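Have a look at the structure below, then the notes.
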Ligand SMILES: Nc1nc2c(c(=O)[nH]1)N[C@H]1C(S)=C(S)[C@@H](COP(=O)(O)OP(=O)(O)OC[C@H]3O[C@@H](n4cnc5c(=O)[nH]c(N)nc54)[C@H](O)[C@@H]3O)O[C@H]1N2
Ligand SMILES: Nc1nc2c(c(=O)[nH]1)N[C@H]1C(S)=C(S)[C@@H](COP(=O)(O)OP(=O)(O)OC[C@H]3O[C@@H](n4cnc5c(=O)[nH]c(N)nc54)[C@H](O)[C@@H]3O)O[C@H]1N2
Ligand code: SF4
Ligand SMILES: [Mo]
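What follows is the structure, encoded as structure tokens:
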């Protein structure tokens with residue numbers, strides 16, 4: 001008997017989707033049965049990701065289906081602590097009232113904003129989030145950038161003229177890949193959109209290329225490398241500067257005509273010899289010389305530094321040295337080297353994202369410099385707690401969890417509890433959003449159209465891809481851009497000091513066009529021939545070819561169209577570096593780590609990602625355990641200047657002596673009973689990291705925190 005005409009079809013349907021959980025932006029093929037996702041695999045036809053998928057991508061639908069995920073706005077009763085669902089209209093009004101009344105009473109800077117990592121992974125946040133932030137016009141704007149890639153953006157701005165003009169390793173053609181402080185086997189790459197790093201690394205080695213890793217831990221990436229060197233946390237600047245010193249001493253450092261400042265660089269690095277580097281870093285002087293000479297001798301080569309050296313006391317010096325090493329070995333803007341992308345939507349060349357600035361104003365309490373209109377998040381706690389004009393009294397967090405992801409999170413946790421008002425746009429009740437008065441949950445990745453404005457700009461190959469929503473938005477839900485629009489318009493409407501009518505109309509127009517419509521317009525005005533219509537006809541993505549060499553000097557965004565090899569900000573910081581005391585016997589320095597199945601500080605309630613062997617342990621060298629009479633597997637006490645945690649320890653020779661490692665993103669027990677994640681053991685590394693430890697850019701130095709490890713007093 002044929003099925004009745006209107007019965008929902010249960011035959012499996014395949015749709016193309018995209019994973020937005022990390023920077024690899026893998027194309028997905030999603031199987032739907034009766035409206036539910038029953039399968040996720042990599043899309044082999046995607047020209048960038050070529051079928052790659054990781055365990056997190058496979059779990060993407062678990063977030064969509066998660067009963068714990070918020071689907072309606074919730075409001076917290078401050079006296080009972082209880083949460084109740086409320087309607088959207090009421091929620092928007094409550095938040096707009098809370099923000100506007102704070103601004104009306106105390107001025108614009110009394111509202112603080114924190115933008116978390118998933119903003120960059122959502123098209124709607126990219127197109128409309130900036131509009132909301134600009135509408136609120138507060139100097140107290142913070143984001144995950146200053147616990148992450150701030151040095152990269154600052155150096156790109158200072159050297160190449162635009163904060164997002166970032167050189168990308170040409171991994172598919174290089175002969176020599178030097179990786180400093182990154183673990184792409186677990187992270188799938190960052191500021192290097194590189195889906196399927198494992199296969200690309202195999203290909204590199206197969207064609208005779210070398211993969212060299214500098215890391216205090218023998219990581220998954222170090223294991224597959226042709227060469228791994230332990231380096232003492234926080235000391236990479238010494239090694240990288242010494243490599244430069246060797247190239248100058250050998251007389252082989254050169255610069256292209258469109259760069260200036262080579263002599264200043266030579267003078268600045270002259271005293272940073274391999275011998276001094278060896279004493280600071282543990283990398284033997286002869287090895288430093290060899291690293292430099294092999295880099296210079298390779299047919300093509302690229303140096304790449306990431307989180308381990310971005311979240312570093314000398315993150316800017318490191319990132320500068322990485323860029324300069326690529327330049328003076330002739331590997332910038334060249335095949336197999338560090339290259340610039342040519343994306344279909346050129347957020348750099350067309351000024352869609354501003355070129356950046358630094359130090360235009362400073363934080364109120366500690367005088368820390370802004371970068372591109374953001375203050376270092378290490379200053380947020382004191383800006384909330386210190387009374388006076390400009391004190392932060394209300395907060396708006398947009399997809400972030402700073403209690404777990406920023407230094408001294410425990411104190412921030414307390415500070416958030418003391419705010420007059422807080423609102424969060426987030427899909428979960430987490431360690432941070434639990435302090436909100438109202439949480440506004442947007443739709444999730446599978447329910448919205450997607451185009452990667454940022455990551456196609458950072459990818460190892462030029463491609464363009466537009467992915468329509470796989471699933472219809474759940475009934476009565478809102479997209480993030482719609483939430484941002486309502487918050488911006490309703491808050492501005494309530495301000496005592498109204499912007500001009502013209503400005504209000506411009507805001508309304510800017511916030512009302514949908515993200516997809518904006519992508520369509522941006523593609524048209526980019527005149528690359530890629531249109532939304534073409535992308536819809538090729539949903540796997542359009543291949544625009546390998547990265548192109550010879551884009552400089554035209555691509556430079558500096559006013560003189562030249563590279564500044566010697567930015568004063570960095571050269572001035574070398575005196576601070578030279579004054580760093582030598583390592584002390586018996587020191588322990590704390591570093592972080594990532595695991596393929598972790599996703600920053602969320603997704604720990606997704607069962608398929610957390611089952612199996614626990615991975616929250618403190619990793620410590622057996623000799624360091626023995627020296628303290630501590631047993632493998634015991635619960636130990638880790639103490640830093642700011643805090644103490646008790647956690648199980650695991651002995652391993654994979655970390656160098658004098659180094660301990662904790663994963664980033666754990667510590668959900670402080671959110672008791674609110675989420676299945678609370679059952680995942682582990683502590684927050686950021687209960688130990690120190691907001692006083694900063695790079696000159698203002699980025700937090702999360703790496704290399706001095707700690708002691710002892711037994712837990714019984
Ligand atoms: N010690 C140490 N600290 C670190 C790091 C480290 O290596 N070591 N790494 C740093 C880095 S690189 C980063 S990027 C930061 C991350 O820091 P954050 O961005 O503050 O933290 P996340 O864990 O990414 O928080 C993401 C939040 O967004 C929510 N979310 C997920 N998807 C969506 C969505 O589609 N819409 C909305 N509105 N919300 C969503 C999740 O529920 C979660 O609450 O942490 C930094 N902190
Ligand atoms: N599975 C998974 N993937 C992710 C994420 C995730 O949470 N989970 N997060 C995403 C995000 S937001 C980002 S920013 C990227 C980050 O991507 P990566 O930069 O690859 O980040 P990590 O894996 O933290 O690697 C940092 C490495 O630096 C090393 N390190 C620490 N201190 C030092 C030091 O002083 N010197 C040197 N040389 N090395 C040091 C650590 O041992 C570690 O191996 O990953 C993204 N991808
Ligand atoms: S590598 Fe990143 S983008 Fe690809 S499936 Fe995994 S989490 Fe998603
Ligand atoms: Mo990040």
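In our numbering, the protein residues as written are 1 to 714.
For each residue, glycine too, the CB sits at the ideal point set by N, CA and C.
Nothing here was measured: the structure is a model prediction, and the numbers come from that model.
For residue 56, the enclosing alpha helix (DSSP H) starts and ends at 55-58. In the DSSP assignment, residue 31 is bridged to 14, 39. In the three-state DSSP reduction, residue 427 falls in the coil class, being neither helix nor strand.
Shown here, residue 696 sits in coil according to DSSP, grouped into three states, outside any helix or strand. Per the CB criterion, closer than 5 angstroms to any heavy atom of ligand 3, the qualifying residues run in chain order as 19, 21, 22, 24, 26, 53, 54, 56, 57, 188.
Excluding residues up to 5 positions away in sequence, 191, 310 lie with their Cβ nearer than 7 angstroms to the Cβ of residue 149 in the same chain. A Cβ-Cβ separation of about 6 angstroms places residue 654 in contact with residue 217 under the 8 angstroms criterion. Residue pairing from DSSP places residue 563 in a beta bridge opposite 259. The straight-line gap separating the alpha-carbon atoms of residue 485 and residue 83 is approximately 25 angstroms. A contact between stretches requires three or more CB pairs, one per stretch, nearer than 8 angstroms, and the segment 52-71 fails this requirement with the segment 372-389.
Taking 4 residues as the shortest admissible run, the segment 382-470 contains the following complete alpha helix (DSSP H) segments, listed from N- to C-terminal end: 402-405, 409-417.
Per DSSP, residue 554 is not a residue of any alpha helix (DSSP H), being assigned neither H nor E.
Closest in alpha carbon position to residue 567, among 91, 34, 154, is 154. Shown here, residue 584 sits in coil according to DSSP, grouped into three states, outside any helix or strand.
Around residue 594, the same chain offers 186, 187 as residues with beta carbons nearer than 6 angstroms, after the five sequence neighbours per side are excluded. Where residue 644 is concerned, the enclosing beta strand (DSSP E) starts and stops at 644-651.
Pairing residue 558 with residue 162, the inter-Cα distance amounts to about 7 angstroms. Pairing residue 426 with residue 439 gives a Cβ-Cβ distance under 8 angstroms. From the listed residues 478, 300, 262, the smallest Cα separation to residue 210 is found for 300. When distances are taken from the beta-carbon of residue 401 to the heavy atoms of ligand 4, even the shortest one reaches 7 angstroms or more. Sorting 657, 341, 531, 618 by C-alpha distance to the C-alpha of residue 460 places 341 at the top. Distance from the Cα of residue 632 is smallest, within the candidate group 343, 620, 414, 688, for 620. In chain order, 438 place their CB closer than 6 angstroms to the CB of residue 94, counting only its own chain and leaving out the 5 sequence neighbours on each side. Exclusion of residue 481 from the 7 angstroms shell around ligand 1 follows from its C-beta lying no nearer than that to any non-hydrogen atom of the ligand. Judged by DSSP in its simplified three-state form, residue 64 adopts helix.
Shortest Cα-Cα distance from residue 703 to any of 282, 307, 45, 159 involves 307.
Residue 113 carries a strand assignment under DSSP once its states are collapsed to helix, strand and coil. Residue burial annotation: residue 361 is exposed, with fewer than 16 other C-beta atoms found within 10 angstroms of its C-beta. Partner residues in the beta bridge of residue 543, as assigned by DSSP, are 463. A check of alpha carbon separations from residue 267 across 571, 690, 512, 224 identifies 571 as the nearest. A direct Cα-Cα distance of roughly 26 angstroms separates residue 399 from residue 642. Contact annotation: the segment 333-353 touches the segment 520-531, with at least three C-beta pairs closer than 8 angstroms.
Taking residue 618 as the centre and dropping the five residues before and after it, the same chain places the C-beta of 636, 638, 647, 648, 649, 650, 660, 661, 662, 709 closer than 8 angstroms to its C-beta, in chain order.
A check of alpha carbon separations from residue 198 across 442, 51, 90, 547 identifies 51 as the nearest. At least one heavy atom of ligand 4 sits closer than 7 angstroms to the Cβ of residue 148.
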